[in-house]
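Protein sequences, first through last, are from chains A and B.
Residue 150 in our numbering sits at position 150 of the first sequence, with consecutive numbering throughout.
All you need for our numbering is the position in the second sequence, starting with 1, plus 1000.
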Amino acid sequence: MAADGGDGMTADVAVLGVGMHPWGKWGRSFVEYGTAAARAALADAGLDWPDVDSVVGADTVRGGYPGYVAGATFAKALGWQGARVASVYAACASGAQAIATARAQILAGLADVVLVVGADAAPKGFFRPAGGDRPDDPDWLRFRLLGATNPTYFGLYARRRIAVHGDTPEDFALVKVKNAALGALNPYARYRKRVTAEEVAASAVVADPLRLLDICATSDGGAALLLCSLDFARRHGAARPVRIRAVSTVTPRFPNTVLDLPDIATDSAVAVPAPDETFRASIARTAYEEAGIGPEDLSLAEVYDLSTALELQWYEDLGLCGEGEGAKLLREGATAPGGRIPVNTSGGLASFGEAVPAQAIAQVCEVTWQLREVAGDRQVAGARVGITANQGLFGHGSSVVAVR
Amino acid sequence: MTRTRTPAVSDWFTGEGDGFRLLGTRCTSCASVFFPREDSHCRNPHCAGGALEEVPLSRTGRIWSYTDSRYRPPSPYVSNPELPWEPYALIAVELQSERIVVLGQTVPGVTVADLTVGMEVEVVPGVLDEDAETTWTTWQWRPTGVTA
Ligand SMILES: [Zn+2]
């Protein structure tokens, strides 16, 4: 195992600071959200911007050219100070790739202190592909040929769970009820109102069997982390910082037999048998192996609930329960506050709405607050190990394990 | 004026009526099948890569899952904003002999209420949209129990 590295500690980096700009629809530039989050992370770490050796930006494709070079955009807005810069894009997994880049620089000794920032200003309504006629782009083709929006893929996955595992729309609604109750306690969440199962059931169907309140919205928001070497953390007086122990950024293995956004078809398994585990399960397994832990060691998990049904899928992919047992785990209360393994204590995407390049970073912010035991009314008692999980369009795994 | 019938995407399907088929490609070295068609190189990581030949896909398959689109999708999907939005169903279909799942719209008139996972469907030619000169054609899935 690479992460063991002989003494078992060499692969850790410290989370010295975290910061967020509240999620919402603020109508301003992503640059403003990102720099606000960065300044909050710097203040949280007790560092000044000129102390930062390197800045890694998670790109947005919705902010014009500055969005494609987010690292430099944030560095300029904070004031050029000569730091090394990188900008990464991996759809919903962009934040994890930014964290992975920062971590690699720190572990390689190229930088002591790295600022990771992601921010987005979301459009109204459905995400849509970039403009122009591009018949060789699967993302353009799925809209042109099928009108297959993101929610229709979530609908397909949800219907499949109903057919194969016996999940019900009521199970899905309970995910929303749980996450909305947690989001109501989170000052950074966009939706801060509790929701009842009746309200979910009364909301309009968007993509059968999913209703409006089963599906996450798109939001403005920004999140940032200040990562550093353990040596730097010690010198800086952080005796027991939260540590990132694993970052999984794996791709699928051929043949990928689960229909994946934005694809129109799966790979064929006619010549090569399908792998033993799905892509999503491999994302979590890789993170567990790198961290040298298993699902039984977790205190909490932040998962990408693009839809309520997808949260149940993550329970299984993370190994919190067996295949098909996600709804049972939810109904038992295991994933609620006070349960065996609380999931989405932040309120999840259900309460935030997705701000693509910021979201995977925001997941790590929540895990950090939980591990520091400063999460207030959302606090998981005695939290020691947290995992985040997410999957970016076009085959991007994303999972971070943090410990304290 | 007569519109020209033109595929909305080139070389993904061929034929009329019962002869209508989706077109994929197959690696002559490892026999992996690709849809949408892969014409440059086999994507099996363990295959050195053989020539890719065009193959028609199975005409029938079974529903892996289904959903619908209750709201008007954004461009480049084409719909008439003057008319009320009519939801249509989308089906992901598992083709047995190719071991592949292919997404498509259902034929008009079939709704999610008519569908179940595992139901047999067949691929048929359909119309995606029309403009002044062109009828843009596509593939659609139709339950085999339905004739229309
Ligand atoms: Zn091959």
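Even glycine gets a Cβ: it sits at the ideal position worked out from N, Cα and C.
Shown here for A/Phe-143: same chain residues with a beta carbon closer than 7 Å to its own, the five before and five after excluded, namely Arg-128 and Pro-129 in chain order. For B/Phe-1034, the residues of chain A that pass the 9 Å Cβ criterion are Ala-265, Asp-267 and Ser-268, in the order they occur in the chain. A straight line joining the alpha-carbon of A/Val-356 with that of A/Thr-60 spans about 7 Å.
The three-state reading of DSSP puts A/Ser-87 in strand, counting E and B together. Secondary-structure assignment with DSSP links B/Gln-1096 through no beta bridge to anything. Going down the chain, each residue whose beta-carbon is closer than 6 Å to a heavy atom of ligand 1 shows up: B/Cys-1027, B/Ser-1029, B/Cys-1030, B/Ser-1032, B/Cys-1042, B/Asn-1044, B/Cys-1047, B/Gly-1049 and B/Gly-1050. The region 110-120 of chain A makes contact with the region 60-76 of chain A, as at least three CB pairs between them are under 8 Å.
Residues are counted here when their Cβ sits less than 8 Å from a Cβ of chain B; for the region 376-393 of chain A the count is zero. The C-beta distance from B/Tyr-1071 to B/Leu-1090 rounds to 13 Å, too long to fall under 8 Å, and the pair is not in contact.
By the C-beta density criterion, A/Val-364 is buried, having at least 16 other C-beta atoms within 10 angstroms.
For A/Trp-26, the secondary structure class from DSSP, reduced to helix, strand or coil, is coil.
For B/Tyr-1066, the enclosing beta strand (DSSP E) covers residues 1060-1069.
Nearest in C-alpha terms to A/Gly-27, of all of A/Ala-45, A/Asp-297 and A/Gly-63, is A/Gly-63. Under the Cβ criterion (8 Å, minimum of three pairs), the region 385-395 of chain A counts as touching the region 286-306 of chain A. Residue range 356-372 is occupied by the alpha helix (DSSP H) that includes A/Val-367.
The beta carbon of A/Ala-163 sits closer than 7 Å to none of the beta carbons in its chain outside the five residues before and after it. With contact defined as three or more Cβ pairs closer than 8 Å, the region 362-376 of chain A and the region 1096-1103 of chain B are not in contact. For the options A/Ala-181, A/Tyr-153, A/Asp-112 and A/Val-177, the alpha carbon positioned closest to that of A/Glu-198 is the one of A/Val-177. The way I'd put it, the region 37-49 of chain A does touch the region 218-231 of chain A; three or more beta-carbon pairs between them come closer than 8 Å. For the region 239-314 of chain A, the full-length beta strand (DSSP E) segments reaching 3 residues or more read 242-248 and 300-303 along the chain. For A/Val-113, no alpha helix (DSSP H) run applies; the uninterrupted beta strand (DSSP E) run containing it begins and ends at 113-120, by DSSP.
Excluding sequence positions up to five before and after A/Ala-287, its CB lies within less than 6 Å of the CB of Ala-246, Ser-248, Ser-399 and Val-401, all in the same chain and listed in chain order.
Approximately 18 Å separates the beta-carbon atoms of A/Ala-201 and A/Tyr-191; this is outside 8 Å, ruling out the contact.
Contacts between B/Pro-1073 and chain A, judged by CB atoms closer than 9 Å, involve Phe-126, Arg-128, Phe-143, Leu-146, Gly-147, Ala-148, Thr-149 and Thr-152 in chain order. By the criterion of a C-beta distance shorter than 6 Å, A/Glu-316 is surrounded in its chain by Glu-323 and Gly-326, once the five residues flanking it on both sides are discounted.
With distances taken between CA atoms, B/Arg-1059 lies nearest to B/Leu-1095 out of B/Val-1110, B/Ala-1132, B/Leu-1095 and B/Val-1009. Looking from the CA of A/Asn-150, the closest CA among A/Asp-51, A/Thr-335 and A/Leu-210 belongs to A/Leu-210. Closest in C-alpha terms to A/Val-55, from the list A/Arg-84, A/Asp-48 and A/Lys-76, comes A/Arg-84. In the structure shown, the three-state DSSP call for A/His-165 is helix. The C-beta distance from B/Thr-1138 to B/Arg-1003 rounds to 15 Å, too long to fall under 8 Å, and the pair is not in contact.
DSSP places B/Thr-1144 in the coil class of the three-state scheme, outside both helix and strand.
In this structure, A/Phe-172 is the residue among A/Phe-172, A/Lys-25 and A/Leu-298 with its C-alpha nearest to the C-alpha of A/Asp-214. Taking a Cβ-Cβ cut-off of 7 Å, the neighbours of B/Asn-1044 in chain A comprise Phe-254, Ala-271 and Val-272, given in sequence order.
For A/Ile-387, the enclosing beta strand (DSSP E) starts and ends at 385-392. With respect to B/Leu-1022, B/Phe-1034 sits apart: the two C-beta atoms are not nearer than 8 Å.
Neighbourhood of B/Pro-1076 in chain A, by CB distance below 8 Å: Pro-129, Asp-133, Trp-140, Phe-143 and Arg-144, in chain order.
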